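Chemist: Chains A and B supply the protein sequences, listed in that same order. Residues in the first sequence are numbered consecutively from 1, following the numbering used here. Residues in the second sequence are numbered consecutively from 1001, following the numbering used here. Using N, Cα and C, we set each Cβ at its ideal position, and we do this for glycine too. Fair warning: this is a prediction, and the values are worked out from it, not measured in the lab.
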Amino acid sequence: MTMPRFYVLEIPENEGVITVAARDPANTVDHLGPYWRITAASPIVIDRRAAGCRHAVWYSAVAALEGSVITQHDKDALRVEAR
Amino acid sequence: MSGQHAEKPVHQVRGVDHAAFPTFDPNATVRFYRDVLKFPVVHSICAAGWGPERHPDFIHFFFDIGQGDRLAFFYYFGWEPAGDQTAPGDAWARLPHATPDFFRNSRHIALHVDDEEDLLEYRRRLDESDWPVEMQVMHETIESIYTHDPNGYMLEITRALRPVTPQEDLDAQLTIEALCEVTAGQAPSMDKLLTRKAELIVEHAAGWERSHPGWREAEKEMV
């Protein structure tokens, strides 16, 4: 079974998403090229308010999906699950 | 002649010479661009027809939009706008009534200013005019004000919040590669694009390790 994994481009505006992802011990955050790579054994959930991103940043934060699918991306949360 | 030629770069264009649009209301157009926004009138052509085909007499006039670039209009004598003038759209074309704003406004021109002070100065000029700012939006890396000019063309004035990084250019190249691939196939979607992008990122990773060692995973472990 694949693990949920997504990529976020390393720019200052996206740091809120990564800070929230890294705070959860279930997630592994590392780098591949100019991207942060977030991986976990279970669905990855990023709380919108905790990330503190403005509208345009929040809805463009995901750069790529590896073996995964976005099942929620709205005003409350981003949720990425294994496909 | 030396017979020696300096190697020219592949990318040789130098910005916008002019972007041109039709107008049926030159009075309002001049008020908006020259009197409200203070864009100098820098050139005009008064032409009695044009070439062998049936062609109305016209005035082609230009406003300076900075750095020698120009915004130009055509006014054709005796030419009437086509389509339902109550429908969404602009002087060039009208769209079906149900067309949402995002699509209507997707075609627009954006001019840039150096900083927030200049952006707010244009906001002040517009807000004191018959064409007040409709939106002021903080995007990912730019902040913009928007209005529609007297012809229905959306005008955006924008400032950069920070310089664009090489990483963003690289990401854009992968996005466009994935976009072209998924739109050439069946049922293109964001899901397919983001999935293809991940494949491209993995394919390029080894090359990045060599060309950009500062991006190496081991040096940036966060958890």
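Could you tell me whether the Cβ of A/S42 comes closer than 9 Å to any Cβ of chain C?
Modeler: The structure shown contains no chain C; its protein chains are A and B.
Chemist: Taking B/Q1186 as the query, report the chain A residues whose CB atoms sit under 8 Å from its CB, ordered along the chain.
Modeler: Per Cβ cutoff of 8 Å: no residues; B/Q1186 is ~18 Å from chain A at best.
Chemist: Give the secondary structure of A/I44 by DSSP, where H, G and I count as helix, E and B as strand, and everything else as coil.
Modeler: Correct three-state label for A/I44: strand.
Chemist: Closest to A/D76 by CA distance: which of A/R5, A/V69, A/W58 and A/S68 is it?
Modeler: When only C-alpha atoms are compared, the closest one is A/W58.
Chemist: Counting only C-beta atoms, is A/P12 closer than 9 Å to chain B at any point?
Modeler: Chain B, which has a Cβ nearer than 9 Å to the Cβ of A/P12, makes this yes.
Chemist: Using a C-beta cutoff of 9 Å, does A/G16 count as contacting chain B?
Modeler: It does not; no Cβ of chain B falls within 9 Å.
Chemist: With distances taken between CB atoms, is the gap from B/N1225 to B/F1021 smaller than 9 Å?
Modeler: This structure does not reach residue 1225 of chain B, given that chain B is present from 1001 up to 1223, and the question cannot be answered.
Chemist: Specify, as a first and last residue, the run of the alpha helix (DSSP H) that B/P1022 falls within.
Modeler: Taken as a continuous stretch (DSSP letters only), B/P1022 belongs to no alpha helix (DSSP H), being part of the beta strand (DSSP E) at H1018 to P1022.
Chemist: Run through DSSP, which three-state label would A/T19 get?
Modeler: In this structure, A/T19 counts as helix in the three-state DSSP scheme.
Chemist: Give me the chain B residues within the contact set of A/E66, using Cβ-Cβ distance strictly less than 7 Å, ordered along the chain.
Modeler: A1198, listed in chain order.
Chemist: Is it true that the CB of A/A51 sits closer than 9 Å to the CB of A/Y7?
Modeler: Not a contact, by the Cβ cut-off of 9 Å.
Chemist: Closer than 9 Å by beta-carbon distance: list the chain B residues that pair up with A/R49, in chain order.
Modeler: Simply none; closest approach about 17 Å.
Chemist: Quick check on B/E1221: buried or exposed, where buried means 16 or more other Cβ atoms within 10 Å of its Cβ?
Modeler: Interpretation of B/E1221 is limited by its pLDDT of 43, a score under 50 that renders its predicted location unreliable; the figure taken from the coordinates is listed afterwards. Exposed: under 16 other Cβ atoms inside 10 Å.
Chemist: Considering just the uninterrupted stretch of the alpha helix (DSSP H) at B/S1211, what are its terminal residues?
Modeler: B/S1211 -> alpha helix (DSSP H) spans M1190 to S1211.
Chemist: Which residue from B/L1111, B/D1057 and B/R1196 puts its Cα closest to that of B/A1019?
Modeler: Considering only alpha carbons, the answer is B/L1111.
Chemist: Taking only beta-carbon atoms, is B/H1212 less than 9 Å away from chain A?
Modeler: Interface residue, yes.
Chemist: Would you mind working out which of B/A1206, B/W1092, B/A1205 and B/A1087 sits nearest B/P1081, comparing C-alpha positions?
Modeler: Checking every option, the nearest Cα to that of B/P1081 belongs to B/W1092.
Chemist: Tell me the rounded alpha-carbon separation between A/H73 and B/H1043.
Modeler: The straight-line gap from Cα to Cα measures roughly 50 Å.
Chemist: Are A/V29 and A/L78 close, meaning C-beta to C-beta below 9 Å?
Modeler: Contact: no.
Chemist: What are the boundary residues of the beta strand (DSSP E) that B/F1039 is part of?
Modeler: No beta strand (DSSP E) holds B/F1039; DSSP gives it neither H nor E.
Chemist: Measuring straight from C-alpha to C-alpha, what distance separates B/R1123 and B/V1133?
Modeler: If I take the Cα positions, the gap works out to 6 Å.
Chemist: Does the beta-carbon of B/A1198 have 16 or more other beta-carbons within 10 angstroms, so that it is buried, or is it exposed?
Modeler: It is buried - the Cβ of B/A1198 has at least 16 other Cβ atoms within 10 Å.
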